[in-house]
Every structure is written in C-alpha cells, then in structure tokens.
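Student: The working numbering puts the first residue of the sequence shown at -13, with every later residue one more than the last.
Glycine included, C-beta positions come from ideal geometry on N, C-alpha and C.
Dumping the structure here so I can ask a few things about it.
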Amino acid sequence: MTKADEPLLVGVDAGTSNTKAVVFTAEGRVVAQASAPTPIDYPRPEWAEYEAESLWTTAADAIRTASAQLDDPGRIQGIAFASMGETAVPVARDGSPTGPAIAWFDKRARAEVADIVERVGQDRLFAISGLAPEPIFGLCKLLWHQRHRAEAFSATTKWLNTADYLAFRLSGEMATDYSLACRTFALDLANLTWSEEILGAVDVAPDLMAPLVQSGAAVGRVSEAGAAATGLPRHCVVAAGGHDHVIGAVAADAMRQGVLLQSTGTTEASVMGTDRPSLNPALGRAGYVQGICYVETPVWFTMGGLFTAGASIDWFRQNVAGGAAYETLIDEATAAPPGSQGAVFLPHLRLGTAPRPNAHAKGAFLGLSTDITRGDLFRAVLEGIAADSRHCSDAMIELLGTAPPDAIRVIGGITKNTLYMTIKAAMHGRQITVVDLPDSVAAGAALLASLAAGVHPTQAAATAAMRGSEREIAPDQATTAQYEALYQTVHKPAAPSVRSVHDAINAVVPTER
C-alpha cells in the first residue's frame, strides 16, 4: 500500500472546554487536526449548559477544517467521538433537541438525585449502577428536564450522551456505548442492561435510553447531511465512541488490571481496572464510582476524580495571575522550593473529591504569609492537585482491597507540564509512566474507528500499531521525603479541617438559585 492509499482515521474529543478533531494514520501518526472552544452558557449561578446545535456545528466545523488539510479526504475510513460524560441531549422522534445539554458539572439536579436515593436507596443504587449519589449523573438531569421543562420534554423520545448525539448527527443512527451509559445512573453494571428497577422507580420508560453497543462497534456510515456538514466521505464508518477518560485509557493501554491510570485535563480521573464490579458499598459512600469499558471484552473499573484539576490551573492563571503565560508561571513555580514555603492549596473549586465528597466544598489557600510569592502560590496549586490525586487513588485501592498497582500510567493535557509530572511522581513516591499521545482521547477514538472500519483486526493489533511513545519519571528522593511528611500531616487533614467553615459559607452565602 502506498502512502497515497494509506487509510486515515478521525478521532474527535468533544470536551468541556474544547472540541478537537484529529486525523491519524493507521500507525497513530497525526496528519491533520483542528480545534475550537466548546460553546457553553452559564444562565444562572451553578448552572452550565450547551446548546445542542452549537455542539454539533463546533464538532462538524473542526472535522471539516481538519479534513480540508488532506490531499484526499476520501482516504478517511472511520470516525468515532469521545466526549465528556454526564452531558446529554434530549431529542424528539425527528432528532431535533427538546432542550439544552446540561453540563456534567452542573449542580441543579440536587432535588432529583435526592428523590432517586429516597426511592431506590443509596446502597442499592450503588449495587446496581456502581455510582454514588451526585446531581451530575444523567438520570438526575433527565428528571430535571422532565419536571422543569415539562412541555418541551414531553416530545423527547431518546436521551443521547454528547458523543452519541454527535454520531447521530453524522450518521442518522442512535446508540450509546457502555462507558457513557454507566454515567447515567440507569445502567445495570453487572448485567450490562438498562436497569428496569431504577428506571421504574422514577417512572422513566427504558426505551427513552439509547440502544447499548460496544465501543468500536459500527453504528452506521456518514449520511448525506453529515457529509455536507463535515466534508467526510459517505463511505466513512461511524463507530461508537465513549467517555473521554475511558477512551483515553484504551489508547494508553491502561484499561487493564494492575494498572492505575491517571487521566489529566480539566478534571483528573484515577482509574483501576478490575475483573468484576466490587460489591463494597463503602466505595459508593466515599464518592467512588464504578463503570465498564467494553471494546472486545468487558473490563470493569473503579474511578475517583478531581473535578477541578486543570480547571484550578486555568482559574489561577486567569483570576490570580492576571492571564500570565503558562511558561512564566511554570518557571516561577520551578524556582519555588518544594512545599511552596508553607502555602497549601485545596483544589475543590467544584465539589469535593473522593474519599470525602462534599457538595459544599470550596477551594482554599492556607499557610499564607508575606513571604509567599506568585511562584509559591502556583507551585502550591500543582502540589495541591497532586496530593488530592494521591489521596483519591490511595483510598480507592484500600477500599477495593487490592494490591498496590504494578504501574501508574498518566495521560492527558497536563502531562505537557513537566513540573507537575515531577511533583506527581514525588507525591506518589514512585515512578510514573507518561504516555505521550498527540491527544490521548482523540487517539482512543481513532483506535475505535479503526476497529469499526476494519483497518485493524483486533484491539490488541490496533493498540500495538497506534501506541504512543512513553517516558518514565522517577521521583527525587529528597523531595519525596518532604512531600510524604506534608501529605500525611498537612494535605490529608486540610480539607476535613475546613469543612465546617465551607458548610457555613454555603449556608450564609448560598449560591444555589
């Protein structure tokens, strides 16, 4: 096969902040790409939502811009979408949206999650769905639409997660994969079916949920309208994608037992693959969730996450550092000593982190003095994220009752921040492996597209062919010792020590409307 005949694959990462379309060769080499901000609206405090048509036009424009960079877009054989979880578009029978897509971090559905817990029971919910009660999950938002936008929602016939909706707009076919389905609160995790018990308890018809398919399954081909919007060829196969963190883990060969994956970005997820769902209800009470990645064979996983990892970095840069360049801030933080001269940051700008979930959690700087510089503060942000990530993963492994991981593999946008990776290795006190993929989520989506289009015969073959380079980061021993002392005596107790203050702030200065 000549280079001119080489098949190409498109992976789309529809993320919280940006939507990226990346064109890969079958060997994982990037040949074209385009990115645009994901338009988001903030209509009220604590509310955030996406207009469905904007989600589609942003993705379609990115695909069109990327494909236009190719000599022959007809070489594109497959495409798949990966997206943020817990964000879905309600659609009518004709495919038109009946409401906006409520953002994953939106908190408006507190009453709905309380209602679900009351009707089903927290431990029973965890036993079926693998999820701990949070207002972010899909079923909570579905009920909110049903109750607060009843007239518009009455025409709804399907609930499509973001990746599902984009694939539908491109192909005309409706389906959802298991990794997104397990973020709805409505999937029976052990039996891999929609839970009639949970849906029945809240009077939601199971057929409102999309048909379940494996990630990498062929959903359809590009429709005439899809081709006109994106520039893709009609023969291009549209594959089922999935949840961004999970699909990135597939690309990094980390969705397997014995590996701790830390997927960095706006959020940071810690993921451990298991051979079956855990029945320990303490996991759910501590804020951890379970899910499923099903490409060729099912791999269950347990996951905990920082809701504001990269978001804390962006917040600091924009609101504290006056929009200073990242390079400048990293240089200043590198010059600051480990421990940031006593400055400590709690990265809880939206919700608290497992194993201490708290809907009223707030971010905080502690240990400030007149000696603290901007570099100290930025280093404290990085150290706070790394410490919170370690606490999340350590407690998860303890509750699972499994041995420490054989390896820690890290993917995502913040891996480009070498200082943060160095801090992370020292905070964990062990070597970490950074998987350098041009875009791990888009690469995972392209890998799934390769399976649906028959470019690679198996997941193992696709992973071997498209695997990114890797670099090992070993911890500095002196820094590790210092961080261990700080972690045990400062970082771990910091959030519980101010919880009552944050609860009081919420009571006196409520942000819910």
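Whose C-beta lies closer than 6 Å to the C-beta of T162 among residues of the same chain, with five residues either side of it excluded?
Tutor: N147, D150, A196
Student: Taking the alpha-carbon of L152 as reference, which of G296, I184, A45, Y274 has the nearest alpha-carbon?
Tutor: A45
Student: Taking the DSSP output, what are the residues bridged to V9?
Tutor: According to DSSP, which records beta bridges pairwise, V9 is partnered with V(-4), A18.
Student: Rank E32, P443, A428, Q474 by C-alpha distance to the C-alpha of V(-4) and give the top, closest one.
Tutor: A428
Student: According to DSSP, Q248 sits in a beta bridge with which residue or residues?
Tutor: S256, V396
Student: Could you check if V487 is buried or exposed, using at least 16 other CB atoms within 10 Å of its CB as the buried criterion?
Tutor: exposed
Student: Using 10 angstroms around the beta-carbon of L265, count the other beta-carbons present and answer buried if the total reaches 16, otherwise exposed.
Tutor: exposed
Student: CB-CB under 7 Å to A321, same chain, minus the five flanking residues each way: which ones, in chain order?
Tutor: G361
Student: Name the two residues that bound the continuous beta strand (DSSP E) containing F351.
Tutor: 350 to 352
Student: Identify whether M289 lies in helix, strand or coil by the three-state DSSP scheme.
Tutor: strand
Student: Report buried or exposed for G186, applying the criterion of at least 16 other Cβ atoms within 10 angstroms of its Cβ.
Tutor: exposed
Student: Just verifying my parser: in three-state terms, what is the DSSP assignment at L228?
Tutor: Checking the sequence, you will find Gly at residue 228 rather than Leu. Three-state DSSP puts G228 in a strand.
Student: Reducing DSSP to helix, strand and coil, say where F171 ends up.
Tutor: coil
Student: Taking buried to mean at least 16 other C-beta atoms within 10 Å of its own C-beta, is R79 buried or exposed?
Tutor: Exposed is the call here.
Student: Please classify A447: does DSSP put it in a helix, a strand, or coil?
Tutor: In the structure shown, the three-state DSSP call for A447 is helix.
Student: Can you tell me the Cβ-Cβ gap for M241 and V199, rounded? I've got them flagged as a contact below 8 Å.
Tutor: 17 Å between Cβ atoms; not a contact.
Student: What is the rounded straight-line gap between the Cα of F154 and the Cα of L41?
Tutor: Straight through space, the alpha carbons of L41 and F154 are spaced by roughly 12 Å.
Student: Can you tell me which of the three DSSP states D462 falls into?
Tutor: coil
Student: Any idea if D317 is buried or exposed, counting beta-carbon neighbours within 10 angstroms, 16 or more meaning buried?
Tutor: exposed
Student: Can you name the start and end residues of the beta strand (DSSP E) that K144 belongs to?
Tutor: 142 to 147
Student: Leaving aside the five residues before and after D422 along the sequence, list all residues of the same chain whose C-beta is less than 8 Å from its C-beta, in chain order.
Tutor: Counting only residues of its own chain and dropping the five nearest sequence neighbours on each side, D422 has a CB closer than 8 Å to the CB of T401, G454, S455, E456, R457.
Student: Where do the ends of the alpha helix (DSSP H) carrying V484 lie?
Tutor: Its alpha helix (DSSP H) spans residues 478 to 494.
Student: Looking only at its own chain, which residues have a Cβ that is under 6 Å from the Cβ of L247, when we skip the five neighbours before and after it?
Tutor: In chain order, A235, A240, V257, R395 place their CB closer than 6 Å to the CB of L247, counting only its own chain and leaving out the 5 sequence neighbours on each side.
Student: In chain order, what residues of the same chain lie with their CB nearer than 6 Å to the CB of T2, ignoring the 5 residues before and after it?
Tutor: Excluding residues up to 5 positions away in sequence, M70, T252 lie with their Cβ nearer than 6 Å to the Cβ of T2 in the same chain.
Student: Considering only the alpha carbon of each residue, which of N4, P29, I233 lies closest to R94?
Tutor: P29
Student: Run through DSSP, which three-state label would W180 get?
Tutor: strand
Student: Rounded to the nearest angstrom, how far is the Cβ of M413 from that of A372, given a contact under 8 Å?
Tutor: About 4 Å; that satisfies the 8 Å criterion.
Student: Looking only at its own chain, which residues have a Cβ that is under 8 Å from the Cβ of L129, when we skip the five neighbours before and after it?
Tutor: If we look at L129 and ignore the five residues flanking it on each side, its Cβ neighbours are A95, E98, D101, I102, V188, V190.
Student: CA-CA distance, Q417 and A460?
Tutor: 4 Å
Student: Could you check the C-alpha separation between M(-13) and A12 for me, to the nearest Å?
Tutor: Because the pLDDT of M(-13) is 42, which lies under 50, any placement of that residue in the model is unreliable, and the number read from its coordinates should be weighed accordingly. The C-alpha of M(-13) lies about 12 Å from the C-alpha of A12.
Student: Considering only the beta carbon of each residue, do S181 and D174 sit closer than 8 Å?
Tutor: yes
Student: Suppose you measure from the CA of V224 to the CA of A214; what does that come to, to the nearest Å?
Tutor: 15 Å
Student: Just the C-alpha distance for G14 and A447, rounded to the nearest angstrom, thanks.
Tutor: 12 Å
Student: Would you please state the rounded distance, in angstroms, between the beta carbons of S53 and G227? I believe it to be under 8 Å.
Tutor: About 18 Å separates the two Cβ atoms, so there is no contact after all.
Student: Enumerated in chain order, which unbroken segments of the beta strand (DSSP E) with a length of 3 residues or greater are wholly contained in the stretch 281 to 325?
Tutor: 284 to 292
Student: Compute the Euclidean distance between the alpha carbons of L111 and A0, then round it to the nearest angstrom.
Tutor: Roughly 29 Å separates the two Cα atoms.
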